[in-house]
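Residue numbering for the sequence shown follows our numbering, starting at 5 and increasing by one per position.
Yeah, the Cβ is synthetic: ideal placement off N, Cα and C, and Gly gets one too.
Here's the structure we're looking at; comments come further down.
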Amino acid sequence: MRMQNNIQHSIWDDVIPKDELEILNAGGMGMNFSGFGKKCALLVVDMSYGFVDSAYPLGASEVGWPAVQRIQELLGVARKIDVPVFYSTSEWRDNKVERGLWKRTPEVDKRLQHPKTYEIVDELKPLPNEPVLVKFAPSAFHGTNLVNMLVQNQVDTVIVTGMVTSGCVNGTAVDAFSFGFKVIVPHDAVADRSPTCHKVALFNIHMKYGDVMSTKEVKQALLKY
5 MRMQNNIQHS IWDDVIPKDE LEILNAGGMG MNFSGFGKKC ALLVVDMSYG FVDSAYPLGA
65 SEVGWPAVQR IQELLGVARK IDVPVFYSTS EWRDNKVERG LWKRTPEVDK RLQHPKTYEI
125 VDELKPLPNE PVLVKFAPSA FHGTNLVNML VQNQVDTVIV TGMVTSGCVN GTAVDAFSFG
185 FKVIVPHDAV ADRSPTCHKV ALFNIHMKYG DVMSTKEVKQ ALLKY
């Protein structure tokens, strides 16, 4: 499915200067949609309490819970038409080397030790046949067997949802592109603590790596399969 770029008003219009957009468009970037391939998978990236809920140091309830609602809509469609679903999260490791080189203060690290930090929110609870990948880097592909499972399912298109847009969502989208998958990002089914970073990340993905659409548009496309 190939679609022409008909975005009249984009989510990034208020942060990307018009002259910069024109420079990228002159190079052919963002001028059309890559579209959907033959088979999709839905990726739910890091929708744990630690990111969704402001009770946790990295949480952002004001944007996290609305994203949960949009992902619920996509899950409903995906499960109805047998689109495979994959989740990612992390877990606490006492060994600093295993935790990675995240730029966090010791105080924040201490608060991240609570096990519920890494639990997927109940509203998006994975089904028994939906794998949950444990990762320690931004991308859901890094250090996991996600590529293998997508290949086994004959997937050529990934719909990337979750948190945060400028971090793990962006990293996952770029890696998906690098592995040869078509990339779809519903802009209202991803979220970020920083509205500016959210918009810039979506802009960058749409210009180079995949298609940024609304949840409504993604649902409509899926129902045509």
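| Check | Outcome |
| --- | --- |
| Touch test, the region 136 to 155 against the region 30 to 37, Cβ-Cβ under 8 Å, three pairs minimum | no |
| Coil, strand or helix - Leu137 by DSSP | strand |
| Backbone CA spacing between Val221 and Lys100 [nearest angstrom] | The sequence shown places Glu at residue 221, rather than the Val named in the question. If I take the Cα positions, the gap works out to 42 Å. |
| For Ala132, the three-state DSSP class (helix, strand or coil) | Position check: residue 132 holds Pro in this sequence, whereas Ala was assumed. Correct three-state label for Pro132: coil. |
| Closest residue to Glu95 among Gly68, Arg83, Phe55 (Cα-Cα distance) | Phe55 |
| C-beta atoms of Val194 and Val164 nearer than 9 Å | yes |
| Spatial distance of Lys223 from Leu62 (CA atoms) | 29 Å |
| Residues sharing a beta bridge with Lys186, DSSP | Thr161 |
| Under the three-state DSSP convention, the category Tyr60 falls into | coil |
| Distance between Ser218 and Pro70 (C-alpha atoms, nearest Å) | 13 Å |
| Among Tyr60, Gly68, Arg74, Phe90, the one whose alpha carbon lies nearest that of Asn152 | Phe90 |
| Touching by the beta-carbon criterion (3+ pairs, under 8 Å), the region 11 to 29 and the region 118 to 137 | no |
| Validate contact between the region 165 to 185 and the region 201 to 215 using beta carbons, cut 8 Å, 3 pairs | yes |
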